[in-house]
Amino acid sequence: MALVGAKGSGKSTYIAVLLHELMNRVGAELDASLTPCDDRTIERYRQEFARPLYGEHRLLRATQSAVTDLNRDPLVYLLTRTIRGRLRTRAESLTLVLFDTAGEDLRSRDVSELHLRYLRAADAIVFLVDPLELPGARAALNGTALARSGGLDDDPDSDPLNVIARVTELLRRTGGPLKVPVAVALSKIDALRPSLARQSALHRARRPSGALDLDDREAVHEQVLALLEEWQAGMVGRYLRQNYTDFALFGLSALGAVPEAESVGAGGVRPYRVEDPLLWLLYRFKMLDGVRG
Ligand SMILES: Nc1nc2c(ncn2[C@@H]2O[C@H](COP(=O)(O)OP(=O)(O)OP(=O)(O)O)[C@@H](O)[C@H]2O)c(=O)[nH]1
Ligand SMILES: [Mg+2]
1 MALVGAKGSG
11 KSTYIAVLLH
21 ELMNRVGAEL
31 DASLTPCDDR
41 TIERYRQEFA
51 RPLYGEHRLL
61 RATQSAVTDL
71 NRDPLVYLLT
81 RTIRGRLRTR
91 AESLTLVLFD
101 TAGEDLRSRD
111 VSELHLRYLR
121 AADAIVFLVD
131 PLELPGARAA
141 LNGTALARSG
151 GLDDDPDSDP
161 LNVIARVTEL
171 LRRTGGPLKV
181 PVAVALSKID
191 ALRPSLARQS
201 ALHRARRPSG
211 ALDLDDREAV
221 HEQVLALLEE
231 WQAGMVGRYL
241 RQNYTDFALF
251 GLSALGAVPE
261 AESVGAGGVR
271 PYRVEDPLLW
281 LLYRFKMLDG
291 VRG
């Protein structure tokens with residue numbers, strides 16, 4: 001699973017929180033275990049992700065460019081689910097290889113060979129889009145969220161559509177839409193929730209059922225499409241439809257609230273729907289059932 005997003009879009013925070021959720025709440029819901037595949041993964045997760053965010057309640061530092069930091073191995077885990085069928089119970093595993101790119105490494109036209117190899121090998125791609133960097137979404141922000149938005153305004157390379165388009169062109173080898181499943185998630189949705197209609201799918205929590213709720217999935221997808229349209233970013237949806245046979249839209253928040261200065265908000269880390277893209281992918285890979293109603 002490759003994770004792609006502009007600088008500051010929330011990739012590292014997302015990885016930290018997603019893994020934490022898989023080890024705890026979501027892992028229990030799915031009857032799944034998450035085992036690190038090597039010692040470096042254990043060490044890196046602890047040092048660079050878990051300790052600052054959960055231990056010290058500090059925001060993560062910007063990821064170092066692969067140009068200066070050569071020890072940027074991906075985190076590798078085996079996610080194993082026990083699947084109870086009518087006739088027999090079986091275990092299915094998925095290797096989760098999470099490569100935390102530095103936002104700036106995806107900007108240059110000559111994305112390093114390493115990134116390219118990793119992107120091409122991925123069975124799924126997750127794009128994180130920071131809605132606070134979409135000019136059309138600013139009207140919906142207030143207070144701290146507004147103050148934290150627009151940091152990259154002068155930088156066309158951080159435009160979410162540019163990032164998605166650049167990676168898409170790198171992946172394309174022949175004409176026609178790409179077949180790799182793509183999840184596109186609006187990160188930091190916490191900052192926008194006050195302005196979303198109360199009946200919005202992005203106001204309710206996902207019901208933990210150990211399956212993918214297909215009605216909920218469609219409702220969130222449609223809601224995100226509508227939001228992009230409302231923020232004059234409808235082109236993102238149209239671009240994805242033209243270039244990928246299989247894409248899904250998400251809204252999530254790793255932290256659950258707008259952070260204060262350099263630290264996690266007073267309520268701690270309260271993730272919202274961080275697992276949704278992974279649940280959809282597990283469903284796509286036939287490791288999770290889909291249910292209606
Ligand atoms: N409101 C809100 N802000 C968030 C959330 N997650 C991250 N942020 C903010 O976004 C900043 C950047 O997050 P990172 O996870 O470091 O972003 P990144 O994509 O890894 O950035 P680079 O490593 O520089 O490419 C954080 O310092 C927070 O201020 C979230 O769930 N909600
Ligand atoms: Mg980072």
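Residue numbers (UniProt numbering): 1 to 293. Glycine included, each C-beta is placed from N, C-alpha and C at the ideal position.
CA-to-CA distance, residue j to residue i, given in whole angstroms
i	j	result
Trp280	Arg72	27 Å
Cys37	Ala197	43 Å
Thr144	Asp159	22 Å
Ser93	Ile15	19 Å
Gln242	Ala2	21 Å
Glu113	Leu119	10 Å
Gly5	Tyr45	20 Å
Ala137	Leu128	16 Å
Thr95	Leu78	5 Å
Arg270	Tyr54	11 Å
Leu225	Gly237	6 Å
Thr168	Ala50	31 Å
Ser33	Gly176	37 Å
Residue i burial status per 10 Å Cβ neighbour count (16 or more: buried)
i	result
Lys188	buried
Asp190	buried
Leu192	buried
Asp100	buried
Leu278	buried
Thr68	exposed
Gln223	buried
Ala147	exposed
Thr13	buried
8 Å Cβ shell around residue i - same chain, five flanking residues per side excluded
i	result
Arg58	Pro52, Glu262, Ser263, Val264
Three-way DSSP call (helix, strand, coil) for residue i in this model
i	result
Val17	helix
Ser209	coil
Arg84	strand
Thr41	helix
Leu34	strand
Gly237	helix
Arg273	coil
Thr245	coil
Leu225	helix
Same chain, Cβ closer than 7 Å to residue i, neighbours up to 5 away in sequence not counted
i	result
Ala140	Leu192, Ser195
Ala165	Tyr239
Glu21	Pro271, Val274, Glu275
Best match in the options for proximity to residue i [C-alpha to C-alpha]
i	options	result
Asn142	Asn162, His221, Ala257, Arg238	Ala257
residue 309	Asp31, Tyr118, Arg173	The structure shown does not extend to residue 309, since the chain spans only 1 to 293, so no value can be given for it.
Tyr272	Arg284, Arg117, Leu202	Leu202
Pro74	Arg61, Val97, Leu60	Val97
Lys286	Pro259, Ala211, Glu43, Arg46	Ala211
Arg40	Leu22, Val76, Met23	Val76
Thr80	Val26, Leu255, Val182, Tyr244	Val26
Ala266	Asn162, Thr13, Glu56	Glu56
Tyr283	Leu214, Ala233, Ala254, Leu60	Leu214
Sequence-distant residues of the same chain with beta carbon closer than 6 Å to residue i, five excluded per side
i	result
Glu104	Lys7, Ser65
Asp289	Ala211
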